[in-house]
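Engineer: Following this message is one structure expressed as structure tokens.
Number of protein chains: 2
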Amino acid sequence: MTLTEARKQLMELQSKLSAYYHAVGSIHYDGVTGAPRGTAKNRAHSMTILTGELYKLNTSPETRAMLEYLDEHKAELSQAEQRMVHLLLKGLRKTEKIPMDFFMEHRRMIIEASDAWRRAKETSDFAIFKPYLQRVFDDCVKLAEICEPGMDPFDYWLNDSEEGLNSAKCDAFFAAVKEKVVPLARAISEKPQVDDSIINGYFPEYKQRQVSSVIMDMMGIDKDRCGIATTEHPFTTSLGSQNDVRITTHYYENTFSPAMYSVMHEGGHGLYFMYPAEEYAYTVLDGGCSMSLHESQSRFYENYVGRSRGFIKNVFPKLAEIFPENFEGKTPEDLYRAVNKVEPGLIRIRADEVTYTLHILVRYEIERRMLAGEVKIGEVPELWNAMYKDYLGVTVPNDTMGCLQDSHWGSGQVGYFPTYSLGTAYGAQFLKKMKETLDVDRLLDEGDLAPISAWNREHIWQYGRLYEPEELLEKVFEGPFDPTCFTDYLEKKYKDIYGL
Amino acid sequence: MTLTEARKQLMELQSKLSAYYHAVGSIHYDGVTGAPRGTAKNRAHSMTILTGELYKLNTSPETRAMLEYLDEHKAELSQAEQRMVHLLLKGLRKTEKIPMDFFMEHRRMIIEASDAWRRAKETSDFAIFKPYLQRVFDDCVKLAEICEPGMDPFDYWLNDSEEGLNSAKCDAFFAAVKEKVVPLARAISEKPQVDDSIINGYFPEYKQRQVSSVIMDMMGIDKDRCGIATTEHPFTTSLGSQNDVRITTHYYENTFSPAMYSVMHEGGHGLYFMYPAEEYAYTVLDGGCSMSLHESQSRFYENYVGRSRGFIKNVFPKLAEIFPENFEGKTPEDLYRAVNKVEPGLIRIRADEVTYTLHILVRYEIERRMLAGEVKIGEVPELWNAMYKDYLGVTVPNDTMGCLQDSHWGSGQVGYFPTYSLGTAYGAQFLKKMKETLDVDRLLDEGDLAPISAWNREHIWQYGRLYEPEELLEKVFEGPFDPTCFTDYLEKKYKDIYGL
Chain X
25 MTLTEARKQL
35 MELQSKLSAY
45 YHAVGSIHYD
55 GVTGAPRGTA
65 KNRAHSMTIL
75 TGELYKLNTS
85 PETRAMLEYL
95 DEHKAELSQA
105 EQRMVHLLLK
115 GLRKTEKIPM
125 DFFMEHRRMI
135 IEASDAWRRA
145 KETSDFAIFK
155 PYLQRVFDDC
165 VKLAEICEPG
175 MDPFDYWLND
185 SEEGLNSAKC
195 DAFFAAVKEK
205 VVPLARAISE
215 KPQVDDSIIN
225 GYFPEYKQRQ
235 VSSVIMDMMG
245 IDKDRCGIAT
255 TEHPFTTSLG
265 SQNDVRITTH
275 YYENTFSPAM
285 YSVMHEGGHG
295 LYFMYPAEEY
305 AYTVLDGGCS
315 MSLHESQSRF
325 YENYVGRSRG
335 FIKNVFPKLA
345 EIFPENFEGK
355 TPEDLYRAVN
365 KVEPGLIRIR
375 ADEVTYTLHI
385 LVRYEIERRM
395 LAGEVKIGEV
405 PELWNAMYKD
415 YLGVTVPNDT
425 MGCLQDSHWG
435 SGQVGYFPTY
445 SLGTAYGAQF
455 LKKMKETLDV
465 DRLLDEGDLA
475 PISAWNREHI
485 WQYGRLYEPE
495 ELLEKVFEGP
505 FDPTCFTDYL
515 EKKYKDIYGL
Chain G
25 MTLTEARKQL
35 MELQSKLSAY
45 YHAVGSIHYD
55 GVTGAPRGTA
65 KNRAHSMTIL
75 TGELYKLNTS
85 PETRAMLEYL
95 DEHKAELSQA
105 EQRMVHLLLK
115 GLRKTEKIPM
125 DFFMEHRRMI
135 IEASDAWRRA
145 KETSDFAIFK
155 PYLQRVFDDC
165 VKLAEICEPG
175 MDPFDYWLND
185 SEEGLNSAKC
195 DAFFAAVKEK
205 VVPLARAISE
215 KPQVDDSIIN
225 GYFPEYKQRQ
235 VSSVIMDMMG
245 IDKDRCGIAT
255 TEHPFTTSLG
265 SQNDVRITTH
275 YYENTFSPAM
285 YSVMHEGGHG
295 LYFMYPAEEY
305 AYTVLDGGCS
315 MSLHESQSRF
325 YENYVGRSRG
335 FIKNVFPKLA
345 EIFPENFEGK
355 TPEDLYRAVN
365 KVEPGLIRIR
375 ADEVTYTLHI
385 LVRYEIERRM
395 LAGEVKIGEV
405 PELWNAMYKD
415 YLGVTVPNDT
425 MGCLQDSHWG
435 SGQVGYFPTY
445 SLGTAYGAQF
455 LKKMKETLDV
465 DRLLDEGDLA
475 PISAWNREHI
485 WQYGRLYEPE
495 ELLEKVFEGP
505 FDPTCFTDYL
515 EKKYKDIYGL
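Taken in order, these protein sequences are the chains called X and G.
For what it's worth, the working numbering labels the leading residue of the first sequence as 25, then goes sequentially.
For what it's worth, the working numbering labels the leading residue of the second sequence as 25, then goes sequentially.
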């Protein structure tokens, strides 16, 4: 093998992998957006086979020989090539530990689990989901043991979501946040509640679709390569490459803000998906640095942009045009206060910025205890409800609004939830850095998001998966991660709103 | 190799093929339904690679060895296995003649051609589509020469749509139909025209979606495994197997009948896709016998069911409920006459039963002359318009309503159009056979389509691809194909409507 040949093979392998990821991504995306309801088993059939093909492609003797050759010659490779080889070799060494049959069967099970979750959520019948949830956690324990024997399974999955993350780091982070957030929430609860009547009423779906379109335009999302669809639980994905990105949302006709903010959240993911360096398309560098980094961008647009006074000022007239009756006699300040109402609630994706972390903590604790074998699957609903009572003071009326609300476990995503909170805190620190060179408040007030997105693109998006998360954060922060950026932001903002 | 091993390999190969067809089908389906507009090149990237993988799977030495072994032992195989081996070997022998690079590049080109067609149609700008149309026909000539050197390219593509079909057979069929249809159309044109005001007006898309749902229910289509989406040019496909079928339609808000009849047409395809014997799922027998047979079913539900007095009687109250204002003071007979109005027009998929064949003839003649090199691509619009003037007496105002109206050429489908007319005529003969044992008119009048579909399932659908088209037709007809079944049907029906 020559270096030239190996380099060519490296690019061909990645090109082929991207086609297979496009295939499984397309089948999955269809499955959770437009597919008829009785077709999960059919998808599972195809996905299992395609997953097996991906397994073989990632671990074949040819792939190994090429990667090991390039790894030996890494001094002669570009930084990007070195990173490609590193990521692919790491993937190979992990994947080959997992028996192929188990790998395929796990994929098949996940598709059925995801379908069972949807049915269970629709009917608030945990029993439908229970056996699948058991399988998900059993598989997660098994996969952790296979891939990193001796490592705590929870740490394994935290590290899987974000290289370098573990429960000690999460504990420290959550402790720092809780210390500030719990008293803040308590102080707010003693103040008169804001009026949020502007976001409640009747908002027909076809009008909310117009809102989504307006929001995508305001965010500067190129609709020629980013589509939007509806689903049970919003998510974002790319199909094949940065050149085809899909965001999703879910409309509720009694309020428009959840869909609007899910479009901003998924739109943040979407922008990150769309703007790695162009030359990373069809390579393993075409993506986000880590789950937390991804959530830093989604939560940035959802909250730091979307829930800012400036953005509200600019979106208000557009919303008033779409919903003239609902907005009659209202002011931008009414809307600003309504979308920033702090109130412990049942649903994570509708939670305010202050209590959001508490929703994450419930999931974090339950996952930890389930992976440690301390909690049986059948006890999850009761534990969930007890923790919501304890952490948020609310009573869960049914499992749809309780432990069935999120799609993650049904999709095999364990260890993911903390990345929402971490990402939110990273985002606050990005915002602080951004303000060193940009007058962010003025830009938001003028409705000019382009320089804000240009900053994110320059500092984060363009690098795709070139860096480890810790490297990238260090590079952007020019110092250590500091959760007080987030808690300071919360205190300043909500003292103003609630007159504390 | 033992027979047991080879049989197992045969089933594994087909299972894997179905997963790959699911993948490319899903990417294609997404591309023409929900995908953002600027993503065709991205799909082309993945599709080219997946097409290459399919090529390798279909023609690998292992595949060949297994198929040839089973072919030598065919006496020991079931009828279904024999047919699987036959179809796969035939495919292998054809595919291996085509260089893999050409095979992949053709697929890539088709995706871009399909996208260019859509853009050209939207703007009525033939120039956008022209270079792609050139490539499509160039490739079609080249593929015919590669696969069947010495065979007339037009015959090659007719035979590709329907095994055993050629231009001589088509000529004879079209001559027989024209002989009856042209005088019938002329006689009708001399009579007072029927009033079709009931189908014109304002019919909002969201209400037409309700109509589609009603029609699918009336047709007995199981929505748990058959979905519906919107697209530029309606089509039907299955994804992976009979267990996931998708029909599509296109809504025009100034009339509801084109969408309603496209749902019936595609629903006919959909039923055929859904009901091959269950054990054929994930094998090459899971599909339709031929394109003409497929069109026999789509046109059967569209016309023999959908445009019958009985069906209209039963759908009328449902439509009147959805469109109360438009239907006020109207009777089922008004609707029956409106949807059976005979009038030479511009658009094939909106054509009445009498003049439909003339639309097909235009395309048939143009394809024949293009493949023979007698017509240059740049001359197509003019030739199209001249033939519409000549055959149908109408003036084509622009290419969107002219040679850009159909998606077929942009999808590389050449030699396909005659199957619509042949299928329509097969359907008429099926109807005649069906009437020997079923009181079809009474069933339609009672709105009971179940026995009609049971007949189609028993005689046609269940066999999937088990038989050659000629075998299956012979089996169902219990005699030769007789186009007068179709022309007799037309004469009887339209003499009644127009009082000839």
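For each residue, glycine too, the CB sits at the ideal point set by N, CA and C.
Using only alpha-carbon positions, find the residue among Lys247/G, Ser221/G, Ser102/G, Tyr328/G that is nearest to Lys516/G.
Structural biologist: Tyr328/G
Engineer: What number of angstroms, rounded off, separates the C-alpha of Thr508/G from the C-alpha of Leu446/G?
Structural biologist: 12 Å
Engineer: Using a Cβ-Cβ cut-off of less than 7 Å, list which residues of the stretch 253-272 of chain X approach chain A; keep chain order.
Structural biologist: As a matter of chain content, chain A is missing from the structure shown, whose protein chains are X and G.
Engineer: Thinking C-alpha only, which one of Asn364/G, Pro341/G, Glu367/G is nearest Thr355/G?
Structural biologist: Pro341/G
Engineer: Going along the chain, which residues of its own chain have a beta-carbon closer than 8 Å to the beta-carbon of Leu467/X, five neighbours each way excluded?
Structural biologist: Gly334, Leu473, Pro475, Ile476
Engineer: Who pairs with Ile252/G in a beta bridge, going by DSSP?
Structural biologist: Ile271/G
Engineer: Please list the partners that Lys40/G has in chain X, where partner means a Cβ-to-Cβ separation under 7 Å.
Structural biologist: Simply Ile73.
Engineer: Quick one: complete alpha helix (DSSP H) runs, 4+ long, within the stretch 334-360 of chain X?
Structural biologist: 348-351
Engineer: Assuming Leu141/X contacts Gly434/X (C-beta within less than 8 Å), just tell me the rounded distance between them.
Structural biologist: The sequence given here places Trp at residue 141/X; Leu does not occur at that position. The pair is a contact, with the Cβ atoms about 3 Å apart (cut-off 8 Å).
Engineer: For the stretch 131-142 of chain X, which residues have a CB atom closer than 9 Å to at least one CB atom of chain G, in sequence order?
Structural biologist: none
Engineer: Give a yes or no on whether the minimum CB-CB distance between Gly274/G and chain X is below 7 Å.
Structural biologist: Per the sequence presented here, residue 274/G reads as His, with Gly not at that position. Judged by the 7 Å Cβ criterion, His274/G is not in contact with chain X.
Engineer: Leaving out five residues before and five after Val177/X in sequence, what residues of the same chain have Cβ atoms less than 6 Å from its Cβ?
Structural biologist: According to the sequence shown, residue 177/X is Pro rather than Val. Once the five neighbours on either side are set aside, the close Cβ partners of Pro177/X are Val165, Ala168, Leu395.
Engineer: Alpha helix (DSSP H) containing Thr28/G: first to last residue?
Structural biologist: 27-56
Engineer: If we ignore side chains and look at the alpha-carbon of each, how far apart do Pro258/G and Gln429/G end up?
Structural biologist: 12 Å
Engineer: Residues of chain G with a CB under 9 Å from the CB of Lys247/X: which are they?
Structural biologist: Pro60, Arg61, Gly62
Engineer: Report the three-state DSSP secondary structure of Asn190/X (helix, strand or coil).
Structural biologist: coil
Engineer: When the cut-off is 7 Å and only beta carbons count, does His289/X lie next to chain G?
Structural biologist: no
Engineer: For His432/G and Tyr285/G, what's the separation of their Cα atoms in angstroms?
Structural biologist: Cα to Cα, the separation comes out at about 19 Å.
Engineer: From the DSSP output, which residues share a beta bridge with Ser262/X?
Structural biologist: Under DSSP, the beta-bridge partners assigned to Ser262/X are Val269/X.
Engineer: List the residues that DSSP assigns as beta-bridge partners of Thr279/X.
Structural biologist: Asn224/X, Tyr276/X
Engineer: Buried or exposed, going by whether 16 or more other CB atoms sit within 10 Å of the CB of Ile134/X?
Structural biologist: Burial call: buried.
Engineer: For Glu100/G and Met108/G, what's the separation of their Cα atoms in angstroms?
Structural biologist: 14 Å
Engineer: If you drop the 5 nearest sequence neighbours on each side, which residues of the same chain put their C-beta closer than 6 Å to that of Lys204/X?
Structural biologist: Thr511
Engineer: Output yes if chain G places a C-beta closer than 7 Å to the C-beta of Ser316/X; else output no.
Structural biologist: no
Engineer: Counting only runs that start and end within the stretch 150-209 of chain G, where is the alpha helix (DSSP H) found for 4 or more residues in a row?
Structural biologist: 150-171, 177-185
Engineer: With a threshold of 16 other CB atoms inside 10 Å of the CB of Leu309/X, please say whether the residue is buried or exposed.
Structural biologist: buried
Engineer: Should Asn82/X be flagged as near chain G, meaning a C-beta pair shorter than 7 Å?
Structural biologist: no
Engineer: Is the CB of His46/X under 7 Å away from at least one CB in chain G?
Structural biologist: yes
Engineer: Can you grab the Cα-Cα spacing for the pair Glu302/G / Leu455/G, in whole Å?
Structural biologist: 25 Å
Engineer: Around the C-beta of Ala64/X, are 16 or more other C-beta atoms found within 10 angstroms, so that it is buried, or is it exposed?
Structural biologist: buried
Engineer: Do you know offhand how far Lys457/X's Cα is from Phe501/X's?
Structural biologist: 7 Å
Engineer: Check whether chain X comes within 7 Å of Gly312/G, counting only Cβ atoms and requiring the distance to be less than that.
Structural biologist: no
Engineer: When you compare the CB of Ser237/X with every CB in chain G, is at least one pair closer than 7 Å?
Structural biologist: no
Engineer: Does Asn66/G get closer than 7 Å to chain X when you measure Cβ to Cβ?
Structural biologist: yes
Engineer: Tell me whether Pro493/G sits in a helix, a strand or coil according to DSSP, three-state version.
Structural biologist: helix
Engineer: Does DSSP put Asn82/X in a helix, in a strand, or in coil?
Structural biologist: helix
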